[in-house]
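Residue numbers (our numbering): 394 to 605. The beta carbon of each residue, even a glycine, is placed where N, CA and C say it ideally should be. Everything on this sheet refers to the single structure shown next.
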Amino acid sequence: MKVYKSISNRYKLAELDKKYYLIDIDGNFFAWFFPTLVWLFPLKATEVNKKTFDSLIKNEKQHKGMIPLIAIGIIGGRILYESLKNVFEGIEESYSIVSRISYFLLTILALVFVRYMISFINKKMFVRKVLISEFSLSICVEKKTVQNYYIKQSVIRLIMLYLIGLVCTVITIVYSYMSIVVFIIGFFIVTFMNRNCMFPYGSSFYKKDKVL
Numbered sequence: 394m395k396v397y398k399s400i401s402n403r404y405k406l407a408e409l410d411k412k413y414y415l416i417d418i419d420g421n422f423f424a425w426f427f428p429t430l431v432w433l434f435p436l437k438a439t440e441v442n443k444k445t446f447d448s449l450i451k452n453e454k455q456h457k458g459m460i461p462l463i464a465i466g467i468i469g470g471r472i473l474y475e476s477l478k479n480v481f482e483g484i485e486e487s488y489s490i491v492s493r494i495s496y497f498l499l500t501i502l503a504l505v506f507v508r509y510m511i512s513f514i515n516k517k518m519f520v521r522k523v524l525i526s527e528f529s530l531s532i533c534v535e536k537k538t539v540q541n542y543y544i545k546q547s548v549i550r551l552i553m554l555y556l557i558g559l560v561c562t563v564i565t566i567v568y569s570y571m572s573i574v575v576f577i578i579g580f581f582i583v584t585f586m587n588r589n590c591m592f593p594y595g596s597s598f599y600k601k602d603k604v605l
């Protein structure tokens, strides 16, 4: 299977058995939290014609549009940090470890909800733009064809991500609640990482007519 970038980071274009597909990389909830293994999950897809396929392929010129978004993200992050600084400092000074854990868990739930809403809005906007109503197929990898090297590297990277997350969690709860800002940024980096993770080249894929 050949995979191409589309005009939306959420979706990939694929050519499989002389047919063309649009794959929803965000379609599997578990892939958000195991981003390095995203291609090992069944992924929702829909078949498209060659004209639609060609119109959705991302060209290199479109990368320039990312620069303003990065700048906005940096500025927005700074404003958010200053806005929440007093709140986090108050929690750090006034609340016990148990209370911090409770606030931390509530923060995680809020982040998952925000991640879901971003994914939901992305899909609605894209589907409306390309006039695709549903993703009724699944694209699955033949597990036996995945190279051991790919699995090893994917697992190592996933473990490293979660170890970093664990360190941030301990620092936030035990030492400095202000570190939750780092955790929030890391959360979104990890849960959006599935959109750009390494593809298992050389592996075989197949189509299933029913979404898993």
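Query                                                                                                                                                         : Result
Have a look at PHE592, ASP602, ASN515, VAL539 and flag the residue whose alpha-carbon is nearest the alpha-carbon of THR429.                                  : PHE592
Take ILE566 and list the residues in its own chain whose beta-carbon comes closer than 7 Å to its own, dropping the five residues that flank it on each side. : ILE490, ARG493, ILE494, PHE497
In whole angstroms, what separates the C-alpha of SER542 from that of GLU535?                                                                                 : Here residue 542 is Tyr; the residue named in the question, Ser, does not match the sequence. Rounded to the nearest angstrom, the two C-alpha atoms are 16 Å apart.
Using only the alpha-carbon positions, how far apart do VAL431 and MET571 sit?                                                                                : 31 Å
If I'm right that LEU530 touches ALA438 with Cβ under 8 Å, what's the distance once you round it to whole angstroms?                                          : 5 Å
Can you give me the start and stop residues for the beta strand (DSSP E) that SER531 sits inside?                                                             : 530-534
Is the Cβ-Cβ distance between LEU415 and MET394 less than 8 Å?                                                                                                : no
Could you check what DSSP says for ASP447 in three-state terms: helix, strand or coil?                                                                        : helix
Could you tell me the distance, in whole angstroms, from the CA atom of PRO435 to the CA atom of ILE418?                                                      : 10 Å
For the alpha helix (DSSP H) containing LEU499, name the first residue and the last one.                                                                      : 490-523
Taking 8 Å as the threshold (C-beta atoms), are VAL575 and CYS607 in contact?                                                                                 : The requested residue 607 does not occur in the structure, where the chain is confined to residues 394 to 605.
Just confirm the distance between the C-beta atoms of SER399 and LEU449, as a whole number of angstroms; I'd bet it's less than 8 Å.                          : 5 Å
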